[in-house]
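Here the sequence shown stands for residues 580 to 782, where the numbers follow the numbering used here. Note sheet for the following structure.
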Amino acid sequence: MTGGKERIKYYLDQFNTTYNRPAAFDPFVAHLHARKTVHYLAMLAQGAIPLRTGVRRLLQEARTKQLRLAIATTTTPSNVTGLLKNTLGEESESWFEIIAAGDIVPAKKPAPDIYTYVLEKLNISPERCVALEDSANGVKSAVGAGITTLVTLNDYTANEDLTGAALVVDQLGEPNQPFTVISGNSHQRHFVDLALLEKLVAH
């Protein structure tokens, strides 16, 4: 389930069925989601949510090579901005040509709409791109848009069906901190760098 408000509704409908829903349910969910975002941004500001291994290095490599970068996510724009500024610096938002977030498209992941939107805005073919994802819905969305997809697992998605991903690893890794390959061909690389991404796209 993608989208914060959608997850809240799903939890209440599927796992908390005895909950006495307010008559104005949608506004209630929107308010709860907004409060969650406030707490999330506060945690980011306190440094409680660091970047995953390899993220900063890979972004720096991409910028050095002047590759075009974009973000396609179902989270809110404020969450994206907060994450970028608190982990990569105030100027990091400008690193990305397109930041497609939240309800910018009507159908969220696993629909391919968010990726199709980004491709159209960049005026680029999917064959020239690679998506970094972390969930089955993300894989379905990116692959559905025709994009080669690499997945880094997390505790929430470790048991999901990631069929369609070109490579699944436990982390992006570092030269001194190799990833573990879950599935796919790592082309004898031990951490995700631009050379590996190029090989994935080529195959």
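A virtual CB, placed ideally from N, CA and C, is assigned to each residue, including glycine.
Rank the options by C-alpha distance to the C-alpha of residue i and give the top, closest one.
i, options, result
"W674", "L646, S657 and K688", "L646"
"V780", "L620, P601 and R707", "R707"
"G626", "L662, P689 and N764", "L662"
"D749", "N755, T736, E672 and T742", "T736"
"A649", "V709, R768 and V760", "V709"
"T666", "P629, T731 and S720", "P629"
"P689", "N702, E699 and D740", "D740"
"N738", "S720, K719 and A715", "A715"
"H610", "S762, K588 and G763", "K588"
"V634", "D713, A621 and V617", "D713"
"R631", "H782, V771 and L591", "V771"
"A621", "A721, S657 and H782", "S657"
To the nearest angstrom, report how far apart residue i and residue j are at their CA atoms.
i, j, result
"S704", "D692", "15 Å"
"F604", "I677", "33 Å"
"G752", "F758", "5 Å"
"T660", "L623", "11 Å"
"R614", "F607", "11 Å"
"L775", "D682", "32 Å"
"V747", "H612", "30 Å"
"G743", "S765", "15 Å"
"V684", "L701", "16 Å"
"E672", "G763", "32 Å"
"L711", "L773", "12 Å"
"H782", "G717", "20 Å"
"K778", "K664", "31 Å"
Is it buried or exposed, residue i, if we count other Cβ atoms within 10 angstroms and call 16 or more buried?
i, result
"T655", "buried"
"A745", "buried"
"G668", "exposed"
"N755", "exposed"
"Y619", "buried"
"K687", "buried"
"K719", "buried"
"R768", "buried"
"E670", "exposed"
"V617", "exposed"
"A602", "exposed"
Mind reading off the beta-carbon distance from residue i to residue j? Whole number of angstroms is fine, and I expect it under 8 Å.
i, j, result
"A680", "T643", "The Cβ separation is near 25 Å, so there is no contact."
"I761", "L732", "6 Å"
Notebook entry, point to check: Below 8 Å, can you find three or more Cβ-Cβ pairs linking the region 586–599 to the region 630–646?
Noted result: The region 586–599 and the region 630–646 do not touch, with fewer than 3 CB-CB distances between them shorter than 8 Å.
Check: Are the region 693–703 and the region 721–729 touching, with three or more C-beta to C-beta distances below 8 Å?
Finding: Remark: three or more beta-carbon pairs, one from each stretch, lie closer than 8 Å, so the region 693–703 and the region 721–729 are flagged as touching.
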